[in-house]
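Undergrad:
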Amino acid sequence: MRQTHYNIQRKKGKHLTLGDRKIIAYLYNKQGKNYTEIAREMNCHRTTISREIKKGITILKNYMWRDKGEYIPEIAQGV
91 MRQTHYNIQR KKGKHLTLGD RKIIAYLYNK QGKNYTEIAR EMNCHRTTIS
141 REIKKGITIL KNYMWRDKGE YIPEIAQGV
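The sequence shown maps to residues 91 to 169 in this note's numbering.
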């Protein structure tokens, strides 16, 4: 049996590095992409991205004093 859609870059069970988390932060915070779009670019499952963002989300106030959730990679990494 041959698998035509397989992932070469990421192996199953590999942890995300701080560099991976910084890429997620840029795509989520700056470009406003959703979980599925980020997962396609990171070459992993969308559930991984959603769990990662939930782990590192921080509520900040914007200029109009409204709450805004922002992903901080250092918090998710535990640095």
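Note that beta-carbon positions come from the ideal geometry of N, C-alpha and C, so glycine has one too. In this text, all values refer to a predicted model and were calculated from it rather than measured experimentally.
Rounded to a whole number of angstroms, what is the C-alpha to C-alpha distance between Arg-130 and Ile-139?
TA: Near 10 Å, if we compare the C-alpha coordinates of Ile-139 and Arg-130.
Undergrad: Locate the alpha helix (DSSP H) running through Thr-107, then write down its first and last residues.
TA: From DSSP, Thr-107 is part of no alpha helix (DSSP H); its letter is neither H nor E.
Undergrad: Please list the terminal residues of the continuous beta strand (DSSP E) segment that includes Ile-147.
TA: Note, Ile-147: beta strand (DSSP E), 147-151.
Undergrad: To the nearest angstrom, how far is the alpha carbon of Asn-119 from that of Tyr-161?
TA: Roughly 7 Å separates the two Cα atoms.
Undergrad: Once DSSP output is grouped into helix, strand and coil, what is the label at Lys-123?
TA: In the structure shown, Lys-123 sits in coil (DSSP, three-state: anything other than H, G, I, E or B).
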